[in-house]
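Peer 1: Residue numbers (my numbering), protein chains in the order written: chain A, 11 to 106; chain B, 169 to 660; chain C, -8 to 493.
We put the CB at the ideal spot given by N, CA and C, even for glycine.
Given the structure is predicted, the values throughout are model-derived calculations rather than measurements.
The structure that follows is given in the form of structure tokens.
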Amino acid sequence: MAIDDHTVEYVAKLSRLELTREERELFREQLSRILEYFSKLNELDTTGIPPTSHVIPMRNVFREDVVTPSLEREVVLDEAPDQEEGYFKVPRVFEE
Amino acid sequence: MRENATTKVQDEFEIVIGLEIHVQLLTASKMFCGCSTRFGAPPNTQVCPVCLGLPGSLPVINRKAVELGLRTALALNCTIHPQSQFHRKNYYYPDLPKNYQISQYQYKDHPPLASDGHLTFEFDGQARTVRIRRVHLEEDTGKLVHVERDGTVLYSLVDYNRSGVPLMEIVTEPDLRSPEEAREFLSRLRTLLQYLEVSSGRMEEGTLRCDANVSLRRRGEPLGIRTEVKNMNSLRAVEKALSFEVARQREILQAGGEVVQETRHWDERREVTFGSREKEEAQDYRYFPEPDLVPMVLDPAWIEEIRRTLPELPEERRRRYVEQYALSPHDAALLVENKAMADFFEATIKLFPQPKTVCNWLLGDVTGYANTHGMEFTDLPLTPEKLAEMLKLMEDGTISIRLAKEILEEMLATGKDASSIVAEKGLVQIRDEDALRAIVEEVIAENPNPVRDYRAGKEKALTFLVGQVMRKTSGRANPDLVNRLLKERLHG
Amino acid sequence: MADQITDLSAVELRERLVRGDISAQEVTEAFLQRIHALDPRLHAFLYVDTEGAIAQARQVDEQVLTGARRSGRELPPLAGIPVAVKDNICTKGIPTTCASRILEGWRPPYDATVVERLRRAGAIILGKTNLDEFAMGSSTENSGFGPTRNPWDLTRVPGGSSGGSAAAVAAGMAPLALGSDTGGSIRQPAALCGIVGLKPTYGRVSRYGLVAFASSLDQIGPMARTVTDCAILLNVIAGNDPRDSTSANLPCPDFTRALQVEVRGLRIGIPRECFVEGLQPEVREAVLQAARLFSDLGAVCEEISLPHLDYALPTYYLIAPAEASSNLARYDGVQYGYRAKAGDLYTMYARTRREGFGAEVKRRIMLGTYALSAGYYEAFYLKALQVRTLIKQDFDVAFQDHDLILMPTSPTVAFPLGEKVTDPLQMYLNDIFTIPVSLAGLPGISVPCGFANGLPIGLQLVGRPFDEETVLRAAFTFEQHTEYWKARPVTSDTVTRDKVKE
């Protein structure tokens, strides 16, 4: 399963990862190799096999609708790279 | 038949509209954590590790939110899926703290909470059925504030109070055929949600939000290219925005052009829709089952319990009002549309069992007062007990209709009850025949001409004379009594 | 005195603390001293909470130990016992970085459930241990703050991703440590450092406050020098937590009651698929010798087959990165941690993540994003979930006739630093025996079972879901009949006991 530059670029964009040209090269080569190895799974016929997304069968875990204390705002904003008047501050959303 | 722009378009094109409605659920705490859902708190004060998506935090489903979803699904005649689960919808945006939204996605053996329902309502004198494609649960995002200078966004601010508030998404099939019908459907749905006590349904506050898919097609042809219209913040806006969009698409199609598939925003001020400048990057949400939440397997007994405790729904109630209380279909519909008023109506007729009278007062003077003062019905200081007391005073003749109207206005303005207003202002009707006879004598003496006219057979003159008596008594005289006394005197 | 203290197990420390021979402060200071002496060479810790630990110890001395000694009341299980915590477990007010630049300096506003339980049990938190960034790796070389070294040979890796916790325990810098295991991250470093490490059944220990790598696989577990110490630590951290929907609502036994020298009649399966090329001969020999010992002690050892074992690696490396790509999306520079300078949001995101994440993390995010993206979902992610079902079924079948499965923990002993960093696939192959167990959510322990060229070998024992008791009983029995666990690495040159003969 070879991956082309376009796919690497697309996946990097979906992942919000800026890549250097070297990284792009390296990832293209490594991911291709890894996926080729993974194509081993195609040896198995899995028709009709249910997927396992939770390995231990559990169901119906709920909480009751009860309000519990929130965090202090100062504690929350203390960690923020940038803040203003009780809000988290971020660079402008480019497209808008 | 109504005659307007869209009905004309229907001659050439068929309008196809589907709605996607997001409803904030009336829970005390958020979808996956215990933070309060209260509206209007200072920014970032109703947050915790879970709704901030801090590393290491984990969600736990609010049982009440599921119950409200099920209540809605049952009322919309949906198939409830015995097993469903949550998924992650992955995309980056600063109002989404984890950069994925916990939602439900239909994929093979992972159905949403419910699907394949319908809502039937009357529109333009016809019964219309709109199919409901799906009902599912998800979490709301935070709120972004864009800080601008000279029309350019400089930076944005994020408040996560709304992050994690329970949302229910209701998606219809594209069964709506005009903007008016879409508005009517949404209005009926909103009333239904209010009856179910699932949502406050306030579009202006954003507790009910609606996006629409709109397309036109020539009759008999496959579906046309659609646009998605967003940012409609009232029922009126929905109708206006859709009318605008229909007209815009029609113009393009008539000129032989092609509609571009895109998201368009409604500009309330300019009354136009405009295409977003966002690049229409192919959406690749990479849905997968949320590993942090285990599947929900809904116990049929639980669903039965919810079905059993469903309140009377608006359509049933409307029918009952016509059959049981002999209200006109029009009045019944108006009354039922406002759940608070309909509940008020029922409480009042228990104390004053004359449904028509109570209905007339509620839809007439009470609604009129609320409208002129820009108030919601629920804001009025009126109780069923107070209204019933006033109506009884009127019925037993203590006050006249005219007085009753004045007293009601005073009641609505001050919150006082009718009897104390009557006592304070000395408004009790004069029913002492001797006292009234003296006034009748005065009026006859002062008005020789009308007296002559009446005696000459002009019935109308009597009305004038009654009016004069009423004037002298500041309206406190019992009009029936005055009538009788005048007739006795003039005929005698 | 200090040297003797750091050589004691948690059980021995507790005896002395109860008797009043030593104080919690003395114990804590002894371990802190050893950390200061050894850690510059080993780099097992990312943060040592010297002041906090001493303050905590004083509090335990004054409020817990003195009172309990006077009144004869039962002491909380870990009163005055120091514990090292892997740095992907949230500690309120104490930096939690996951060994990533992107979280440098982050101080969580809350404690993980396991940390709350440690504190309630009277444990002293010494500090936070090194790991592969976000627990992605098998050598601790992927740490954003430099690798940890193996106390048995400073030129070799300690395994990973809980390499810091394993090295800290092996070198006597902490009697107990918490690790986390997604595909072998407790068991493999335990094996490579010659200690005991237990991955409990998925759902046995709350994940609340464990920074997620792959949510359907992650599990916190105990690491110690003895099976008994592991059981004691497991007792404290295990149990249902309403804040973790995937934590099992099952009663928790007292795991120390399982510690009996008794394996007669125990049916042990040995998967033939484990003994293939790539398995170091000394490891093979040590594991088979362990099986012979169990047979001698009355257990029934039989060859079994796990036919899909070979598919576990690709399955795991699709599922775990897919979940990781989503779990790690939140590191975007908005709320906490590192933010790169940029004029618009997209650039801020992309640059923050480029500068904040290391190569392996990026590789797995890319791999996982690809596996989930439109058009590939069915071929990769869904396919992997289906094969996961087949792997789990293999174990279900095996456990119909067997109580336990015995296999190597790792195909080789500790390898030299730098040997595999440039070849991700080679690195991934380290986990071929631990990954299937993780995919099936089963409990697994690694106990020392021999040495090759002076480097420890680990034996893996795997049980049925929620049957940690059988796993602990077998491990304890093995430990009581062997001496490997008594050996100490030469790095801890202050330790008096000799290395056990190979």
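Cβ of G113 (chain C) within 8 Å of Cβ of G71 (chain C)?
Peer 2: Against a cut-off of 8 Å, the Cβ pair of G71 (chain C) and G113 (chain C) comes out as a contact.
Peer 1: State yes or no: is the beta carbon of F289 (chain B) nearer than 8 Å to at least one beta carbon in chain C?
Peer 2: By this cut-off, F289 (chain B) is not an interface position.
Peer 1: Check each residue of the region 263 to 275 of chain B: if its Cβ is closer than 7 Å to any Cβ of chain C, include it; give the result in chain order.
Peer 2: Hits within the stretch, in order: P265, K266, N267, Y268.
Peer 1: Return the Cβ separation of G175 (chain C) and T425 (chain C) in integer angstroms, given the expectation that the two are a contact with Cβ distance under 8 Å.
Peer 2: The pair is a contact, with the Cβ atoms about 3 Å apart (cut-off 8 Å).
Peer 1: Which chain A residues are close to K232 (chain B), counting only those with a beta carbon under 8 Å from its beta carbon?
Peer 2: Within 8 Å Cβ-Cβ: E74, D75.
Peer 1: Please check if any C-beta of chain A sits within less than 8 Å of the C-beta of A104 (chain C).
Peer 2: Note on residue identity: the sequence assigns Thr, not Ala, to residue 104 (chain C). So, not an interface residue.
Peer 1: Please identify the residue among B:A501, B:L238, B:Y259, B:T551 whose C-alpha is closest to the C-alpha of D323 (chain C).
Peer 2: Closest by alpha carbon: B:Y259.
Peer 1: Any beta carbon from chain A within less than 8 Å of N399 (chain B)'s own beta carbon?
Peer 2: It does not: the Cβ of N399 (chain B) has no partner Cβ on chain A nearer than 8 Å.
Peer 1: When the Cα of V274 (chain C) is compared with those of C:A28, C:Q451, C:P67, which residue comes out closest?
Peer 2: The shortest C-alpha separation from V274 (chain C) is found at C:Q451.
Peer 1: Using a Cβ cut-off of 8 Å (strictly closer), state whether R34 (chain A) contacts chain C.
Peer 2: No - not a single Cβ of chain C is within 8 Å of the one on R34 (chain A).
Peer 1: Counting C-beta neighbours from all protein chains within 10 Å, is the total for T139 (chain C) 16 or more, i.e. buried, or is it exposed?
Peer 2: Buried is the call here.
Peer 1: Under 8 Å: do the region 301 to 311 of chain C and the region 79 to 96 of chain C share three or more Cβ pairs, one atom per stretch?
Peer 2: The region 301 to 311 of chain C vs the region 79 to 96 of chain C: no contact.
Peer 1: Can you grab the Cα-Cα spacing for the pair N528 (chain B) / N651 (chain B), in whole Å?
Peer 2: The alpha-carbon atoms of N528 (chain B) and N651 (chain B) are separated by roughly 26 Å.
Peer 1: For L361 (chain B), which residues of its own chain have a beta-carbon under 8 Å away from its beta-carbon, when the five flanking residues on both sides are left out?
Peer 2: The residues are V191, T240, S367, G369, L376.
Peer 1: Please report the distance separating the alpha-carbon of V481 (chain C) from that of G43 (chain C).
Peer 2: Cα to Cα, V481 (chain C) sits roughly 30 Å from G43 (chain C).
Peer 1: Who are F371 (chain C)'s beta bridge partners in DSSP?
Peer 2: Paired residue(s): none; F371 (chain C) is not in a bridge.
Peer 1: In the DSSP assignment, what residue or residues form a beta bridge with I396 (chain C)?
Peer 2: BP columns for I396 (chain C) point to C:G260, C:V453.
Peer 1: Please list the partners that P211 (chain B) has in chain A, where partner means a Cβ-to-Cβ separation under 7 Å.
Peer 2: Correct list: G96, Y97.
Peer 1: Using a Cβ-Cβ cut-off of less than 7 Å, list which residues of the region 62 to 73 of chain A approach chain B; keep chain order.
Peer 2: Here the close residues are S63, H64, M68, R69, N70, V71, F72, R73.
Peer 1: At a CB-CB cut-off below 9 Å, which residues of chain B make contact with P99 (chain C)?
Peer 2: Those are P217, L222, P223, G224, listed as they occur along chain B.
Peer 1: Mark A12 (chain A) as exposed unless 16 or more other C-beta atoms lie within 10 angstroms of its C-beta, in which case mark it buried.
Peer 2: When all chains shown are included, A12 (chain A) counts as exposed.
Peer 1: Going by CA-CA distance only, name the one from B:L187, B:A591, B:I607 that's closest to R301 (chain B).
Peer 2: Measuring from the Cα of R301 (chain B), the nearest candidate turns out to be B:L187.
Peer 1: Quick one: give me the first and last residue of the alpha helix (DSSP H) that T340 (chain B) is part of.
Peer 2: Careful: T340 (chain B) lies outside any alpha helix (DSSP H), inside the beta strand (DSSP E) at 334 to 340.
Peer 1: Please report the straight-line C-alpha distance between E107 (chain C) and G135 (chain C), rounded to a whole angstrom.
Peer 2: Spanning the two alpha carbons is a distance of roughly 27 Å.
Peer 1: Determine the direct distance from the alpha carbon of T395 (chain B) to that of E448 (chain B), and round the result to whole angstroms.
Peer 2: For E448 (chain B), the predicted model reports a pLDDT of 48, less than 50, meaning its position is unreliable and no value from the coordinates is stated.
Peer 1: Check R98 (chain C) in the structure and name its three-state DSSP category.
Peer 2: R98 (chain C): coil per DSSP, three-state reduction.
Peer 1: By DSSP's criteria, V58 (chain A) is part of a beta bridge. Which residues make up the other side?
Peer 2: Strictly speaking, residue 58 (chain A) in this sequence is Gly, with Val absent from that position. In DSSP, G58 (chain A) forms no bridge with anything.
Peer 1: CA-CA distance, M336 (chain B) and A500 (chain B)?
Peer 2: When rounded, the distance between both Cα atoms is 29 Å.
Peer 1: Since T78 (chain A) meets chain B, which of its residues come closer than 8 Å, beta carbon to beta carbon?
Peer 2: Those within 8 Å of T78 (chain A) in chain B are S197, C201, G202, C203, C216.
Peer 1: Return the residues of the region 320 to 348 of chain B that lie within a Cβ-Cβ distance of less than 7 Å from chain A, sorted by chain order.
Peer 2: Residues passing the 7 Å Cβ filter: V321, L322, Y323, S324, L325, V326, D327.
Peer 1: Under 8 Å, do V404 (chain C) and Q271 (chain C) count as touching if we go by C-beta distance?
Peer 2: Yes; because the gap between Cβ atoms is below 8 Å, this pair is in contact.
Peer 1: For the putative contact between C81 (chain C) and V227 (chain C), defined by C-beta atoms under 8 Å, what is the C-beta separation to the nearest angstrom?
Peer 2: Not a contact, Cβ separation roughly 17 Å.
Peer 1: Examine chain A for any beta-carbon lying closer than 8 Å to the beta-carbon of Y455 (chain B), and answer yes or no.
Peer 2: Output row for Y455 (chain B): interface = no.
Peer 1: Does the beta carbon of V177 (chain B) come closer than 8 Å to any beta carbon on chain A?
Peer 2: The predicted position of V177 (chain B) is uncertain, since its pLDDT is 47 and thus under 50; no value can be drawn from it.
Peer 1: To the nearest angstrom, how far is it from the Cα of S63 (chain A) to the Cα of M464 (chain B)?
Peer 2: Rounded to the nearest angstrom, the two C-alpha atoms are 14 Å apart.
Peer 1: Is the beta carbon of G163 (chain C) closer than 8 Å to that of R25 (chain C)?
Peer 2: Closer than 8 Å, so yes.
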